[in-house]
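Q: The structure follows.
4 protein chains.
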Amino acid sequence: MSSDTDIYKHQNFGNHLGIGEKAALLIVDFVNGFDDPDQFGGGNVSEACDNTVPLLAVCRDLNLTIAHTRVVLAEDGSDDNIMAIKVPALKTLTEHAECSQIVDRLTPRPGEIVVRKRVPSAFFGTDLAANFTMRRIDSVLVTGCTTSGCVRASALDAMCWGFRPIIVTDCVGDRAVGPHEANLFDLKQKYAELMTRDEIISELTSRQARTVE
Amino acid sequence: MSSDTDIYKHQNFGNHLGIGEKAALLIVDFVNGFDDPDQFGGGNVSEACDNTVPLLAVCRDLNLTIAHTRVVLAEDGSDDNIMAIKVPALKTLTEHAECSQIVDRLTPRPGEIVVRKRVPSAFFGTDLAANFTMRRIDSVLVTGCTTSGCVRASALDAMCWGFRPIIVTDCVGDRAVGPHEANLFDLKQKYAELMTRDEIISELTSRQARTVE
Amino acid sequence: MSSDTDIYKHQNFGNHLGIGEKAALLIVDFVNGFDDPDQFGGGNVSEACDNTVPLLAVCRDLNLTIAHTRVVLAEDGSDDNIMAIKVPALKTLTEHAECSQIVDRLTPRPGEIVVRKRVPSAFFGTDLAANFTMRRIDSVLVTGCTTSGCVRASALDAMCWGFRPIIVTDCVGDRAVGPHEANLFDLKQKYAELMTRDEIISELTSRQARTVE
Amino acid sequence: MSSDTDIYKHQNFGNHLGIGEKAALLIVDFVNGFDDPDQFGGGNVSEACDNTVPLLAVCRDLNLTIAHTRVVLAEDGSDDNIMAIKVPALKTLTEHAECSQIVDRLTPRPGEIVVRKRVPSAFFGTDLAANFTMRRIDSVLVTGCTTSGCVRASALDAMCWGFRPIIVTDCVGDRAVGPHEANLFDLKQKYAELMTRDEIISELTSRQARTVE
């Protein structure tokens, strides 16, 4: 996409946001059904999920606000929406279904936010933005799946709601590589900061060290 | 993207939505600055804008609700947001700037909705969803630019707010072809119906004919 | 409040909205804890709850969309909000607590919407507006408690989201009579239509009769 | 309302919120039409407006974020909403109408936020919450009119969005005294902190002094 990049650069897109003063970690839809290539997963989703484990550990050590999301639709169809027409398989993601449970390696701890949602964005039809605002969060480290779906939508809404979105590039995954790459491009040009997990860990821990000194 | 398409088909994505009972036409950001390759435009944006002219005429004849959007930021910077950090050139799009005026060939008529927005989605930070809801709109024909930015975000939010998004494929454009194609792929698989302008005109006018008979 | 009424009349407040083409029934927070004067109830709350039983039966017969709300906060405090600081007792309203269950006489049936919320309005931080919009609802019959709290907030947001709010005057209740009356006054002047249960039943059933003929 | 107060106290309502770490000043609808008893004003509205002048001066000195709101409807009726059916006189509040201009004694300075809205809350259908969130505001000092309308709705939504609402009791006014008092009661019990202007000025300036030392 080198010529595409040139066009965006010429129009002065793609500037840096950086991490602000108080970051939260957002883990989007790392549930069993997306960790399974035969259901909603595949591609690099499970690898991104694995990569998120050490980041979650660091964020817990640093006492960051941590939020997990799950897609949960009612068993009786009462809250089926337009997306459930487009992608009917989503209707299997009910409260107690195995496929809608957060993967064992990222099980939420008491006090961590767990958001139930029915559309791509973690912020739509939920009070997550209000919860972050009350805590004076200003930046959201976005991990999860899929890059071209719920990750992008959540990062976009984070930006709209006044939070700096930081995409953790090796902790987001998608069932297909084309959309994964294309959406990282869009996110980088227009909505978010892109950083690797280790860049983020390095920055967060070095800030912490300066605070403690 | 044939193998990508196979993955999505296997997981039962990409079902049809169709046009519902009452459609509105949404024209996203066809303003002078996006019609100009030296500012925010280029690629197939101006062509998409040209293609929208006959669709607008038909929708006016059929008395559909019509909504136009503009990006408008305050001259004094009081409402600068995260996106204005990422893409500083947006700050030139002020109320009276030439670049933020809707193009002459699509000038709104009295009674058509004109939405001022500061983020990609026509629905975020605006009352457009409420306006459509009051009118009992259930489907939104989405035209405008850019496909990978405000068109996608507006279509996604339309879906989230309970409206069926119909992307008018030859009336949406982007400054670069890669993101244009990649985002049409995502929209088709997950969020929207994709139809050409002539398919839509044909369906709307044949419905109208049946009603009149 | 006769002189207050005069002021509002002089400024042309308080016009009629009427019921539109497609109404939904919204039952706000009729849960055990609000049916109990020793917890969040008292005043005319339980009477309003009793009065709602026949209305619910009629709305079910007429196949109206029916939505119930519950206040539900996480047991681990992860979604405590500003309101939980103001009114700490709300934190007892957890998913499985007896006090947060909908009263037996209004138990939701499969297919009826059940909204979990953490603030007064049924529409804030939920996707209820989107759900209603998708169903082309244009009017919301509001019952529940308390008049000065969640009923008013839900009616106000219904109006904001483009739905005509109809307060069912004998199916809304409050723990104290002063706020009950004062809020009905505000709702009547500025935001909603006020009708008794029997007026609504009469109008809905006579419309239905005309449709069947 | 002493017995009403007892009921609320018994149920543990009405706890204190206090001013958080970073407050913004919100001035709701102090426009000419509400400063005029023959249009939308009367009662103690103009007095509340007068009282706000010194508070605005202090907040400017302290470099607080300041936001003003105006009700603005399109001249062509394209964005008329349910409230405009209920209160048709609101339709006179167009962009350039004298009645919709902010009063001379509170004219916004460059850099102060000016929000156009069409419903009671300053936060509904606007991006004010996002703007405050980006600035890490955690408390909103609410002044303006009317207490029973746009002030209450804005304070309620501030709370919902994660900001502590502080009602400046002598800087909010209403056309009629009954609703003014009744709504202050509700706000105190359920949603907001109530403080006088001088209490707030004293607290803000003493904090500032401690910071400077």
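Chains as they are written, first to last, in my numbering: chain A, 6 to 218; chain B, 6 to 218; chain C, 6 to 218; chain D, 6 to 218. From the three backbone atoms N, C-alpha and C, an ideal C-beta is built for every residue, glycine too.
#1: Chain E partners of Arg215 of chain B, CB-CB under 8 Å?
#2: When Cβ atoms are compared, which residues of the stretch 122 to 144 of chain C fall closer than 9 Å to chain B?
#3: Quick one: list the residues of chain D neighbouring Ser153 of chain C, beta-carbon separation under 7 Å, in chain order.
#4: Rounded to whole angstroms, what is the Cα-Cα separation between Asp149 of chain D and Gly82 of chain B?
#5: Could you give the distance in angstroms between the alpha-carbon of Pro170 of chain D and the alpha-carbon of Phe137 of chain D?
#6: Just how far apart, CA to CA, sit Ala134 of chain A and Leu98 of chain B?
#7: State yes or no: is the beta carbon of Gly167 of chain B nearer than 8 Å to at least one beta carbon in chain C?
#8: Check whether the Cβ atoms of Thr74 of chain D and Asp34 of chain D sit closer than 8 Å, and answer yes or no.
#9: Expressed to the nearest angstrom, what Euclidean distance is found between the alpha-carbon atoms of Ala163 of chain B and Arg123 of chain A?
#10: Would you verify that the beta carbon of Ala53 of chain D is, or is not, closer than 8 Å to some beta carbon of chain C?
#11: If you count every other CB in all the chains shown that lies within 10 Å of the CB of Pro184 of chain B, and 16 or more means buried, which is it?
#12: Per the DSSP calculation, Ser144 of chain C is bridged to which residue(s)?
#13: When you compare only the Cα positions, how much space is there between Ala181 of chain D and Asp175 of chain D?
#14: Who are the near neighbours of Ile12 of chain A in its chain, counting only those whose CB is closer than 7 Å to its CB and skipping five residues on each side?
#15: Relative to the C-alpha of Val173 of chain C, which candidate in C:Glu208, C:Gln213, C:Arg140 has its C-alpha closest?
#16: Return no unless some Cβ of chain A is closer than 8 Å to the Cβ of Gln16 of chain B.
#17: Determine the burial state of Arg215 of chain B: buried for a count of at least 16 other Cβ atoms within 10 Å of its Cβ, exposed for fewer.
#18: Does DSSP put Val124 of chain B in a helix, in a strand, or in coil?
#19: Quick check: the Cα distance between Phe45 of chain D and Gly38 of chain D, rounded to an integer number of angstroms?
#20: State buried or exposed for Asn68 of chain C, treating a residue as buried only when at least 16 other CB atoms are found within 10 Å of its CB.
#21: Specify whether the stretch 105 to 120 of chain D and the stretch 25 to 34 of chain C touch according to this definition: at least 3 beta carbon pairs, one from each stretch, less than 8 Å apart.
#22: Would you tell me roughly how many angstroms separate the C-alpha atoms of Val76 of chain A and Val119 of chain A, rounded to the nearest one?
#23: In the DSSP assignment, what are the bridge partners of Val200 of chain C?
#24: May I have the straight-line CA-CA distance separating Cys64 of chain A from Ile90 of chain B, to the nearest angstrom?
#25: For Pro59 of chain D, which residues in the same chain have their Cβ closer than 8 Å to its Cβ, ignoring the five residues on either side in sequence?
#26: So Tyr196 of chain D and Leu161 of chain D are in contact, right, with Cβ under 8 Å, and what is the actual spacing, rounded?
#27: Phe45 of chain B touches chain A at which residues, Cβ-Cβ below 8 Å?
#28: Would you mind listing the alpha helix (DSSP H) stretches within the stretch 79 to 103 of chain A that are 4+ residues and don't spill past its ends, in chain order?
#29: Taking its Cβ as the centre, do 16 or more other Cβ atoms sit within 10 Å of Ala62 of chain C, making it buried, or is it exposed?
#30: Of all Cβ atoms in chain D, is any one closer than 8 Å to the Cβ of Leu93 of chain B?
#31: Check whether the Cβ atoms of Ala94 of chain C and Asn17 of chain D sit closer than 8 Å, and answer yes or no.
#32: What are the residues in the stretch 75 to 104 of chain D lying within 9 Å of chain B by C-beta distance?
#33: Find out if the Cβ-Cβ distance for the pair Ala131 of chain B, Gly130 of chain D is shorter than 8 Å.
#34: Mapping DSSP to helix, strand and coil, what is Val58 of chain A?
#35: In chain order, what residues of the same chain have a beta carbon less than 8 Å from the beta carbon of Glu80 of chain C, not counting five sequence neighbours either side?
#36: Could you name the residues of chain A that Met200 of chain B contacts, counting a contact when the two beta carbons are closer than 8 Å?
A: So, from the data block:
#1: Going by chain labels, chain E is absent from the structure shown, which instead holds the protein chains A, B, C and D.
#2: Those residues of the stretch 122 to 144 of chain C placed with their C-beta closer than 9 Å to a C-beta in chain B are Asp132, Ala134, Ala135, Asn136, Phe137, Thr138, Met139, Arg140, Arg141, Ile142, Asp143, ordered along the chain.
#3: Asp191
#4: It is Gly, not Asp, that sits at residue 149 of chain D in the sequence shown. Between Gly149 of chain D and Gly82 of chain B, the C-alpha separation is close to 24 Å.
#5: Pro170 of chain D and Phe137 of chain D: Cα-Cα distance of roughly 13 Å.
#6: 27 Å
#7: yes
#8: It is a contact, given that the beta carbons lie within the stated cut-off.
#9: 14 Å
#10: no
#11: buried
#12: C:Ala28, C:Arg169
#13: 15 Å
#14: Within the same chain, Ile12 of chain A has no close Cβ partners at all.
#15: C:Glu208
#16: yes
#17: exposed
#18: coil
#19: 6 Å
#20: exposed
#21: no
#22: The alpha-carbon atoms of Val76 of chain A and Val119 of chain A are separated by roughly 11 Å.
#23: The sequence as given places Met at residue 200 of chain C; Val does not occur at that position. DSSP lists C:Val173 as partners of Met200 of chain C.
#24: 26 Å
#25: Arg202, Ile206
#26: 5 Å
#27: When 8 Å is used as the limit between beta carbons, Phe45 of chain B is near these residues of chain A: Gln16, in chain order.
#28: 87 to 91
#29: exposed
#30: Per the sequence shown, residue 93 of chain B should be read as Pro rather than Leu. So, not an interface residue.
#31: yes
#32: Ala79, Glu80, Asp81, Gly82, Ser83, Asp84, Asp85, Asn86, Ile87
#33: Just to set this straight, residue 131 of chain B is Thr in the shown sequence, not Ala. In this structure, Gly130 of chain D lies closer than 8 Å to Thr131 of chain B by Cβ.
#34: helix
#35: Thr99, Glu100
#36: What Met200 of chain B touches in chain A: nothing, since even the nearest Cβ is about 15 Å away.
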